[in-house]
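This report concerns only the one structure given below.
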Amino acid sequence: MKKFFIKIIRAYQIFVSPLLVRLFGGGCRFYPTCSDYSIAAFQKYGTFKGFYLSLKRFLSCHPFSKKPYLNLLK
Numbered sequence: 004m005k006k007f008f009i010k011i012i013r014a015y016q017i018f019v020s021p022l023l024v025r026l027f028g029g030g031c032r033f034y035p036t037c038s039d040y041s042i043a044a045f046q047k048y049g050t051f052k053g054f055y056l057s058l059k060r061f062l063s064c065h066p067f068s069k070k071p072y073l074n075l076l077k
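Number 37 in the working numbering belongs to position 34 of the sequence shown; there are no gaps in the numbering.
Spelled out as structure tokens, the structure:
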């Protein structure tokens, strides 16, 4: 199951993300990017915790967030 999510994220990185950058400019405000963070979370923690951590990261992706990054080693 985690391989399925990783493939979806990779497809997003290849096909969707470049279009969003061209249309809206800029890029991800976080390091690592949300998609890279999600892949690392799925690889390290598996499907359920990886999904939870990814969702938590996406929900903190807004202009008022004070977090420049999230550490996977917690």
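Note that beta-carbon positions come from the ideal geometry of N, C-alpha and C, so glycine has one too.
A quick note: this is a predicted structure, and the numbers were derived from the prediction, not measured.
query = Cβ atoms of G53 and F61: under 8 angstroms apart, would you say?
reply = In the sequence shown, counting from the first residue as 1, residue 61 sits at position 58. In the sequence shown, counting from the first residue as 1, residue 53 sits at position 50. Not closer than 8 angstroms, so no.
task = Would you mind working out which of K6, S38 and A43 sits nearest V19, comparing C-alpha positions?
result = For the purposes of this step, residue 19 is identified with residue 16 of the sequence shown, where counting begins at 1. Nearest C-alpha to V19: S38.
task = Can you give me the Cβ contacts of Y48 inside the same chain, cut-off strictly under 7 angstroms, excluding the 5 residues immediately before and after it?
result = For the purposes of this step, residue 48 is identified with residue 45 of the sequence shown, where counting begins at 1. Excluding sequence neighbours, Y48 sits near L56.
query = If you drop the 5 nearest sequence neighbours on each side, which residues of the same chain put their C-beta closer than 7 angstroms to that of G30?
reply = Translated into positions along the sequence shown, residue 30 becomes position 27. These residues qualify, in order along the chain: V24.
query = Thinking C-beta only, is K10 closer than 8 angstroms to T50?
reply = The sequence position of residue 50 within the sequence shown is 47, counting from 1. The sequence position of residue 10 within the sequence shown is 7, counting from 1. No.
inquiry  = Which residue wins for smallest C-alpha separation from I42, given the options R32, L58, F27 and G28?
reply    = In the sequence shown, residue 42 corresponds to position 39, counting from 1. Answer by Cα proximity: L58.
task = Kindly list the residues whose CB is nearer than 7 angstroms to the CB of Y15, restricted to its own chain and excluding five residues on each side of it in sequence; keep chain order.
result = Here residue 15 refers to the residue found at position 12 when the sequence shown is read from its first residue. Answer for Y15: S38, listed in chain order.
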